[in-house]
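S.K.: Numbering (my numbering), first residue to last: 314 to 641.
Glycine included, each C-beta is placed from N, C-alpha and C at the ideal position.
Since this is a predicted model, take the numbers as computed values, not measurements.
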Ligand code: ATP
Ligand code: LTN
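1) Going by the C-beta, is residue 434 closer than 6 Å to any heavy atom of the ligand LTN?
2) Quick check on the burial criterion: 16 or more other C-beta atoms within 10 angstroms. Buried or exposed for residue 549?
3) On the premise that residue 481 lies in contact with residue 502, defined as a C-beta separation below 8 Å, what is that separation, rounded to the nearest angstrom?
4) Among the candidates 360, 385 and 352, whose CA atom is the shortest distance from the CA of residue 373?
5) For residue 506, which residues from the same chain have a beta carbon less than 8 Å from its beta carbon, with the 5 sequence-adjacent residues on both sides left out?
6) Any idea if residue 637 is buried or exposed, counting beta-carbon neighbours within 10 angstroms, 16 or more meaning buried?
7) Am I right that residue 590 and residue 562 are in contact with their C-beta atoms under 8 Å? What's the rounded C-beta distance?
8) How far does the alpha helix (DSSP H) with residue 570 in it extend, from its first residue to its last?
9) Assign residue 584 to buried or exposed, taking buried as 16 or more other Cβ atoms, counted over all protein chains shown, within 10 Å of its Cβ.
10) I'd like the span of the alpha helix (DSSP H) that includes residue 367, first residue to last.
11) When you compare the CB positions of residue 398 and residue 356, do they come within less than 7 Å of one another, or not?
12) Which residues mark the beginning and the end of the alpha helix (DSSP H) in which residue 457 is found?
13) Can you find at least 3 beta carbon pairs, one from the region 519 to 534 and one from the region 586 to 600, that sit closer than 8 Å?
14) From residue 485 to residue 454, what distance separates their C-alpha atoms?
15) So the beta strand (DSSP E) residue 489 belongs to, where does it begin and stop?
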């Protein structure tokens, strides 16, 4: 039997090159080797306020993006989290075996809480438990994500092990898959921060739906380091980041890239990188637009159906293990 993958992206904000290079790209590469489930995690998105109409539109847009980047619905299951009620149900059960202190330690929570002060919702605090439910429901072996999700994966593993120990073997304990290159694409306007959907400074991220002029402008204004040489040097994070994007989009080796830019300036790197990105985005955007509404409806309905059948099986086992029985 094939091993399983599960991963997800939130349908909030504008999906960017970091999401693609850190996560989506690897989903596409791994989907033939694994039985794959790709979720649009709208219940995670509502941990911060969302406009309902926009959330609905973004959910469908993200499904189009999954297809356009190369997720093949013939081999992979694409579905919307809120279509499968067991995500919220299992999250509740897992809440009851999670300690407050474990969630207080999560760096993503600490960061978001710092930004929102008193108004931090319980949902943000509980976010990692819902994520654990997403993964454990499908008995996933592998979870392809960017570097920022590593800590959440650790918690997922801890919760799976705890449940298995206390209630009997139930969940498969998943491993993260974090790519060796591209797991943490940095913001173009501040190379000490990751490229992020929720960054107020929109210039930091290249959106997958950005038009050519926007792409050129964002790269042109990207922060650089002092120095002149164009080399992969960790001590110069801004240039390292631009070169990493170039490497992943062209498939060239680091040696080839350094030789190509030898003796050239930052402006040249930025303009070539902009063109490479535009050429990558052009066909992608065409494919996004080409997905029809009916096609999308059918696909998400089929995806939800397939996801439900597996989620229901796991959740039935959980209830049995915990003594959650009612009328017979
Ligand atoms: P936010 O910054 O608002 O939390 P996000 O950009 O991290 O949002 P998510 O939906 O939370 O978007 O992440 C989707 C996937 O993209 C995750 O696997 C995450 O690890 C990955 N990812 C996000 N940002 C980056 C980045 N800068 N570099 C590489 N991978 C990333
Ligand atoms: N927390 C993730 C999104 C996410 C996820 C998941 C990723 C929610 N559920 C399950 C992998 C598996 C993020 O990228 N911020």
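M.R.: So, from the data block:
1) Placement of the Cβ of residue 434 at a distance of 6 Å or more from every heavy atom of the ligand LTN is found.
2) Looking at its Cβ environment, which holds 16 or more other Cβ atoms inside 10 Å, residue 549 is buried.
3) In this structure residue 502 is not in contact with residue 481, their Cβ atoms being roughly 51 Å apart against a cut-off of 8 Å.
4) The shortest C-alpha to C-alpha distance from residue 373 to any of 360, 385 and 352 is the one to 352.
5) The residues are 499, 500, 512 and 517.
6) Exposed: under 16 other Cβ atoms inside 10 Å.
7) Between residue 562 and residue 590 the Cβ distance is about 6 Å, and since that is below 8 Å, they are a contact.
8) Residue 570: member of the alpha helix (DSSP H) spanning 567 to 574, first to last residue.
9) By the 10 Å Cβ count, residue 584 comes out exposed.
10) Following the DSSP letters along the chain, one finds residue 367 inside the alpha helix (DSSP H) bounded by residues 365 to 382.
11) Between residue 398 and residue 356, the gap from beta carbon to beta carbon reaches 7 Å or more.
12) Careful: residue 457 lies outside any alpha helix (DSSP H), inside the beta strand (DSSP E) at 455 to 457.
13) The region 519 to 534, when compared against the region 586 to 600, does touch it at the 8 Å Cβ threshold.
14) Note on geometry: alpha-carbon atoms of residue 485 and residue 454 lie some 7 Å from one another.
15) Counted as a single uninterrupted DSSP element, the beta strand (DSSP E) harbouring residue 489 occupies residues 488 to 490.
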